[in-house]
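Trainee: Take a look at the following structure, please.
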Amino acid sequence: MSSTSSTSSTSSGPGAPSALDPAIAARLKRSADGLVPAIAQQYDTGEVLMLGWMDDEALHRTLTSGRATYWSRSRREYWVKGDTSGHVQHVKAVALDCDADTVLVKVDQTGAACHTGDRTCFDADVLPLGPGPARNPDQALGQ
Numbered sequence: 080m081s082s083t084s085s086t087s088s089t090s091s092g093p094g095a096p097s098a099l100d101p102a103i104a105a106r107l108k109r110s111a112d113g114l115v116p117a118i119a120q121q122y123d124t125g126e127v128l129m130l131g132w133m134d135d136e137a138l139h140r141t142l143t144s145g146r147a148t149y150w151s152r153s154r155r156e157y158w159v160k161g162d163t164s165g166h167v168q169h170v171k172a173v174a175l176d177c178d179a180d181t182v183l184v185k186v187d188q189t190g191a192a193c194h195t196g197d198r199t200c201f202d203a204d205v206l207p208l209g210p211g212p213a214r215n216p217d218q219a220l221g222q
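For the sequence shown, my numbering begins at 80 and goes up steadily by one.
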């Protein structure tokens, strides 16, 4: 395991001390469990790849390592995208939304972004729209 793919321990995880710049930390609006949603987007096409969750430390690691790092709510540990699958997210830019309650991580995705093997987590289940003008769901999703 690389030094950037630390797993959880009693001193890590949401609410634990972090090396995140205090000015950034002060701006974040976190959920009750100390997390912010992080949208991964392909930097050159705008394709939305996936949604993950970050606490202050995951955001710090993302900003300083050049690799997208998330907090797994189910495993209760940090994970660096691609460390086990090889489907790496190289970080190109990171931004907060206007309310500072969501992070946008622009990445260069290698391979599939979704754990199912799909290119994105939004490929498999496009929902039908209600009655109205004929719509092409592929065009609406920018495909």
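Positions of the beta carbon are idealized from the N, C-alpha and C atoms, including for glycine.
Looking at the structure shown, is residue 164 part of a helix, part of a strand, or coil, going by DSSP?
Mentor: Note: residue 164 maps to coil in three-state DSSP.
Trainee: Assuming the contact rule is C-beta atoms closer than 8 Å, residue 146 and residue 167 should be a hit. Round their C-beta distance to whole Å, please.
Mentor: Contact flag correct, Cβ pair sits at about 7 Å.
Trainee: Could you say which of 150, 161, 177 lies nearest to residue 108 if we only look at CA atoms?
Mentor: Residue 108 has its Cα closest to that of 177, out of 150, 161, 177.
Trainee: Name the one or two DSSP bridge partners that residue 118 has.
Mentor: Partner(s): 130, 183.
Trainee: Between residue 186 and residue 119, is the Cβ-Cβ spacing less than 7 Å?
Mentor: Yes. Within cutoff.
Trainee: Given a threshold of 16 other Cβ atoms within 10 Å of its Cβ, counted over all protein chains shown, does residue 155 qualify as buried or as exposed?
Mentor: So residue 155 counts as exposed.
Trainee: Any idea if residue 209 is buried or exposed, counting beta-carbon neighbours within 10 angstroms, 16 or more meaning buried?
Mentor: Exposed, since its Cβ has fewer than 16 Cβ neighbours within 10 Å.
Trainee: Work out the CA separation of residue 181 and residue 190 for me, nearest whole Å.
Mentor: Cα to Cα, residue 190 sits roughly 24 Å from residue 181.
Trainee: I'd like to know whether the C-beta atoms of residue 158 and residue 164 end up nearer to each other than 7 Å.
Mentor: Cβ distance not < 7 Å, so residue 158 and residue 164 don't count as in contact.
Trainee: Thinking residue 200 and residue 142 are a contact (beta carbons under 8 Å), I'd like their distance in whole angstroms, please.
Mentor: Not quite, the Cβ-Cβ distance comes to about 23 Å (not below 8 Å), so this is no contact.
Trainee: Straight-line CA distance for residue 110 to residue 136?
Mentor: If you take the alpha carbons of residue 110 and residue 136, they lie about 15 Å apart.
Trainee: Quick check on the burial criterion: 16 or more other C-beta atoms within 10 angstroms. Buried or exposed for residue 196?
Mentor: Exposed, because fewer than 16 other Cβ atoms sit within 10 Å of the Cβ of residue 196.
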